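Protein chains in written order, with this note's numbering: chain P, 18 to 356; chain E, -2 to 390; chain F, 287 to 621.
Working notes, beginning with the structure itself.
Following this line, the structure appears as structure tokens:
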């Protein structure tokens, strides 16, 4: 190749040779001349700039010492000050709740809702995926319907439902669990615990939406496990239960984990339900705090704190996403849309 | 698989550690203090919130038998959250907010009548302030401060504030950046400047032609100001105007005195205040609102809550709120030395008491679409006529 | 004999087994999902409001009003400003459709570009391009709202710089989020598209193409290279290769992705609500943001319930249509 070139065009322009130099780093396969490489690099950098631009904006804002929105555009911090982060860690909101408590509530809520949804959904998903029984289509549609109803639609009845379960202190050491029992003589009693106004209640409400999604997603995954495995197990004398617990579950474990993480990300950022239900600051979550900061008298949003909190809330999601991008995307499309 | 396992175990470990790091169990108190829960809507980190925190800190020592639980709720949500919770049987013992919705809340039964409870205890509070907490002759709240829209200006940029509407318009036409806050609430004061009325003494809408002309004149005037703001791209809301005014780009801003803390922190001695300019019809009459503590009818600690509210509005507390946050106190025992506060009190003398009647809803429902005139170009006369017609349907 | 009996017993057990597996999920869902759904449908026929919150359906003042809530929504008789159900519906569909039409090709093109052999820093680009997805939606909306700010927003500043290069020295002050008059008059008859729509399109584009790009990358890597080599030996240009090999082979992955994107965008509460709140005079209102408004701010729970049922109906129709499309393309590629 090179000898032919040399003999045909011995004094080819050095610049042209430089620009058409192959940069693909592979001896066979397609060439990638330098000029094309540079062109694509320029495009990629431009795209990178457009992607990073709002992110740099937020990060810079979080490093600013002033609470007001800067009137000029700042992409790189003029002065780096960690005061916003410090304020977020010390005193995240105007409420008496510490950052650790918020973090604990967020993590606890996201993890437990994700786990519960996963564990309850996996048997149902298996049943839909593997068994063929009379009511299969009907029940599948039934599971599917809540996914079509917007979350806003379920909130009011759940609020009412959970609001009915209270533990009240009737005085003289008697406690009652309404609505099953009530205090004597129609006394209201002192409220000790209201299911609606607790993280447990919020967790239950969030599971209402998390369960159907988990069943749907897992079913899609389980569909991709070849049936030959079960047939082989059946030949070996295992019944359905053993096949499920000992063979299918271990095999599907990575996919189970991915469903869990997709659910985790969703729950981590969810604030609408917790916002409507909770009134005690000790139950608040990080996502709620983020929302809390935007709804004020508009002039008093502490922008640097808001940005710092945004960065903190985005971190775990970023870590999970970057570590598991392939699986998560595969999970969303396989499990999801085939229906 | 390894990555998943690692992440998973990290999560579990994190949950366990955080649970262990939770708040330690507090030893049982000697005598169970009465718990009073109270909500507020002061912005995070604002002057008002900081002052409130300081007052609450001293309350912990001065009121040892009462444990005060505080919750901050964003302003755009506090009425909704309170009403929903109270209607569902719960809610805090009290909350502090402007009397924006007092009438509506009384009608749906979400605030308690405290006329009997507070009888004889409110001698220190001005009648003006108490009046703002009353509906139908009964008292529904404990007043804390007075609020209305006024004209804030930077003394370095404007030597004397415009005293008449013509002067203000000339100032803006001359190129001085003024951040007017447009909207059915902030603009109300200009109706008085042109002699127009929305309500008469019995809170009926004043629909006769002569009055409508004056209201139209007011709306046209504000529209003129809007077109100047639009042409110059000056801020048109208090949120947008905050940065320019505090940084010295805008010479003036029309806003309520709740923002005084922020303005004072940025401009210090350069901050000046004046009433909204008077006009051909007389002085301006912005809506005068009263902030106060409202009590939950479901609450079982109303007496303790009242005690806390009175502590939070006593002379020391109100002085702190006045100096740090710009609140015009409802407590008459407070000594007013700040010229800004004196200026505010002067401006309030011509203000119009915010009506609590149901008809006020018709004002909001029919006169808030000002963009129709400013943006869509509907003639002011037509819009005003339609507004009155809609309000009296 | 005993064997037959045992078989029969096992057969019964096998028949009931799926139901045992389904039991825990359906039991829980029955309480927390189906019961609220049915409750919601019931109250959509009543005049449920705040005062009924305490006793719920047992409230003495609760009245059945039949289909009044539904009729009010469809005819615009609700006492809210600027609400026209069909305009909101049309806008919602157009919003989801136009977004997907933009994101999928962009995602595919960028994925193809990143897939070029020998490209330097490929892994870095791939890792960073996914960042828009991890930022919480409320933050994305707030940041973009700042960017489109009339006075200090980055977009106007950028436009000012660009137009200055062409000699037009006045600062550009487009009122992205507050301008009433649509820039292209008559576009989208029945649901005029204001500048806020274009602002949201740009913001959502930033948010949307990375996911499409990641899906396309995954699918691209399963296309065997021999096809391209064979095609280049046959003399096909890059563009022809793209059109005749890449596109058809990406279709089975991108069509479900497009459908997924359509569904997500259709119900995209976070960005729309926090960026424009429904836009100047509800011109950018979508169904879910209005539903939230009904529940949270207006607290007309009966009307909100009716609205939720209507949204459900719309979502069902959309699902049936998209299912048809997905199945059609699947069988096509299998054929």
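We put the beta carbon where it would ideally sit given N, CA and C, even for glycine.
Treat the numbers as computed from the prediction; the structure is a model and nothing was measured.
What whole-angstrom Cβ distance do residue 81/E and residue 575/F have, given they're in contact under 8 Å?
-> Here residue 81/E corresponds to residue number 84 of the second chain, with the count starting at 1. Here residue 575/F corresponds to residue number 289 of the third chain, with the count starting at 1. With 8 Å as the limit, residue 81/E and residue 575/F do not qualify as a contact, their Cβ atoms being about 19 Å apart.
Using the Cα positions of residue 56/E and residue 77/E, report the straight-line distance between them to the nearest angstrom.
-> Position 59 of the second chain holds residue 56/E. Position 80 of the second chain holds residue 77/E. Whole-angstrom Cα-Cα distance: 28 Å.
Residue range of the unbroken alpha helix (DSSP H) whose run includes residue 259/E = Numbered from 1 along the second chain, position 262 holds the residue referred to as residue 259/E. Its alpha helix (DSSP H) spans residues 257 to 264.
Decide if residue 152/P is buried, meaning its Cβ has at least 16 other Cβ atoms within 10 Å, or exposed.
-> In the first chain, residue 152/P corresponds to position 135, counting from 1. So residue 152/P ends up on the exposed side.
Beta-carbon neighbours of residue 214/P, restricted to chain E and to distances below 9 Å = Counting from 1 along the first chain, the entry for residue 214/P is found at position 197. Result: 82, 87.
CA-to-CA distance, residue 121/P to residue 20/E, given in whole angstroms | Here residue 20/E corresponds to residue number 23 of the second chain, with the count starting at 1. Here residue 121/P corresponds to residue number 104 of the first chain, with the count starting at 1. Its pLDDT being 46, under 50, residue 20/E is placed unreliably by the model, and nothing is read from it.
9 Å Cβ cutoff, residue 240/E in contact with chain F | One-based indexing of the second chain puts residue 240/E at position 243. It does; some Cβ of chain F falls within 9 Å.
Cβ-based neighbour list, residue 591/F, same chain, cut-off 6 Å, excluding 5 preceding and 5 following = For the purposes of this step, residue 591/F is taken as residue 305 along the third chain, with counting starting at 1. Counting only Cβ-Cβ distances below 6 Å, and skipping sequence neighbours, we find 326, 329, 330.
From residue 315/P to residue 121/E, what does the alpha carbon distance come to, in whole angstroms?
-> Counting from 1 along the first chain, the entry for residue 315/P is found at position 298. Counting from 1 along the second chain, the entry for residue 121/E is found at position 124. Any reading at residue 315/P must be qualified, since the residue scores a pLDDT of 48, below 50, and its modelled position is unreliable; no value is offered.
Any contact of the region 191 to 208 of chain E with the region 236 to 246 of chain E, i.e. 3+ C-beta pairs under 8 Å?
-> no
Which residues in the same chain as residue 208/P place their Cβ atom closer than 7 Å to its Cβ, once the five residues preceding and following it in sequence are excluded?
-> Position 191 of the first chain, counting from 1, holds the residue named residue 208/P. Same-chain partners within the cutoff: 183, 185.
Using a Cβ cut-off of 7 Å, pull out every chain P residue sitting near residue 411/F, in sequence order please.
-> By one-based count along the third chain, residue 411/F stands at place 125. Here the neighbours are 61, 65.
Determine the closest residue to residue 261/E out of 279/E, 40/E, 44/E, with distance taken between C-alpha atoms.
-> Taking the first residue of the second chain as 1, we reach residue 261/E at position 264. That would be 44/E, whose Cα lies nearest to the Cα of residue 261/E.
In terms of DSSP beta bridges, what is residue 486/F paired with?
-> Here residue 486/F is taken as the residue at index 200 of the third chain, counted from 1. Answer is none; residue 486/F lacks a bridge partner.
Check the Cβ-Cβ distances between residue 180/E and every residue of chain F, and say whether any is below 9 Å.
-> Position 183 of the second chain, counted from the first residue, corresponds to residue 180/E. Judged by the 9 Å Cβ criterion, residue 180/E is not in contact with chain F.
What is the DSSP secondary structure of residue 365/E, reduced to helix, strand or coil?
-> Indexing the second chain from 1 puts residue 365/E at position 368. Coil at residue 365/E, not helix or strand.
Are the beta-carbon atoms belonging to residue 176/E and residue 255/E less than 9 Å from one another?
-> The residue labelled residue 176/E in the question sits at position 179 within the second chain. The residue labelled residue 255/E in the question sits at position 258 within the second chain. No, they are not a contact pair.
Any idea what DSSP makes of residue 24/E, helix, strand or coil?
-> Against the second chain, residue 24/E aligns to sequence position 27. Below a pLDDT of 50, predicted positions are generally treated as unreliable, and residue 24/E, at 49, falls in that range; no measurement from the model is reported.
CB-CB under 8 Å to residue 476/F, same chain, minus the five flanking residues each way: which ones, in chain order?
-> Translated into positions along the third chain, residue 476/F becomes position 190. Hits under 8 Å: 372, 373, 376.
Whole-angstrom distance between residue 106/E and residue 457/E, CA atom to CA atom | In the structure as shown, chain E begins at -2 and stops at 390. Residue 457/E is therefore absent and cannot be evaluated.
Same chain only: Cβ atoms within 8 Å of residue 528/F, ignoring 5 sequence neighbours per side = Within the third chain, numbered from 1, the residue matching residue 528/F stands at position 242. Only 398 meet the Cβ criterion.
Going by Cα to Cα distance, which pick from 320/E, 342/E, 138/E is closest to residue 102/E?
-> Taking the second chain and counting its residues from 1, one reaches residue 102/E at position 105. Nearest of 320/E, 342/E, 138/E to residue 102/E, Cα basis: 138/E.
CB-CB under 6 Å to residue 461/F, same chain, minus the five flanking residues each way: which ones, in chain order?
-> Here the question's residue 461/F lines up with position 175 in the third chain. Only 436 meet the Cβ criterion.
Cβ-based burial, residue 174/E [other Cβ within 10 Å; buried from 16] | Numbered from its first residue, the second chain carries residue 174/E at position 177. Buried is the call here.
Spatial distance of residue 99/P from residue 105/P (CA atoms) = As a position in the first chain, residue 99/P is number 82, starting the count at 1. As a position in the first chain, residue 105/P is number 88, starting the count at 1. Going by the C-alpha atoms only, they are around 10 Å apart.
Using a Cβ-Cβ cut-off of less than 7 Å, list which residues of the region 279 to 312 of chain P approach chain A; keep chain order.
-> This model lacks chain A altogether; the protein chains it does include are P, E and F.
Give the DSSP-derived three-state secondary structure of residue 162/P in the structure shown.
-> Here residue 162/P is taken as the residue at index 145 of the first chain, counted from 1. Helix.
Would residue 151/E pass as a contact of residue 301/E if the rule is Cβ separation under 9 Å?
-> For this step, residue 151/E is matched to residue 154 along the second chain. For this step, residue 301/E is matched to residue 304 along the second chain. Not in contact: residue 151/E and residue 301/E (Cβ atoms no closer than 9 Å).
Would you call residue 521/F buried or exposed, if buried means 16 or more other Cβ atoms sit within 10 Å of its Cβ?
-> Reading the third chain from its first residue, position 235 is the one you call residue 521/F. Exposed, because fewer than 16 other Cβ atoms sit within 10 Å of the Cβ of residue 521/F.
Using 8 Å as the Cβ pair cut-off and three pairs as the minimum, do the region 51 to 70 of chain E and the region 307 to 320 of chain F touch?
-> no
Of all the residues that make up the region 220 to 235 of chain E, which are near chain F by a beta-carbon distance shorter than 7 Å?
-> 230, 232
Answer yes or no: do residue 425/F and residue 75/P have a C-beta to C-beta separation smaller than 9 Å?
-> Counting from one through the third chain, the residue named residue 425/F turns up at place 139. Counting from one through the first chain, the residue named residue 75/P turns up at place 58. A contact, by the Cβ cut-off of 9 Å.
Under 9 Å between C-beta atoms of residue 301/P and residue 80/P = Position 284 of the first chain, counted from the start, is the residue given in the question as residue 301/P. Position 63 of the first chain, counted from the start, is the residue given in the question as residue 80/P. In this structure, residue 80/P does not lie closer than 9 Å to residue 301/P by Cβ.
Near residue 164/P, what residues of its chain come up, given a Cβ to Cβ distance below 6 Å and the 5 sequence neighbours on each side ignored?
-> The residue labelled residue 164/P in the question sits at position 147 within the first chain. Excluding residues within five positions, the ones whose Cβ falls inside 6 Å are 229.
Hey, residue 36/P and residue 49/P: beta-carbon distance below 9 Å or not?
-> Locating residue 36/P in the first chain gives position 19, counting from the first residue. Locating residue 49/P in the first chain gives position 32, counting from the first residue. Their beta carbons are not under 9 Å apart, which means residue 36/P does not touch residue 49/P by this criterion.
List, in order along the chain, the chain F residues whose C-beta lies closer than 8 Å to that of residue 363/P?
-> Nothing can be reported for residue 363/P, as the shown portion of chain P is limited to 18 through 356.
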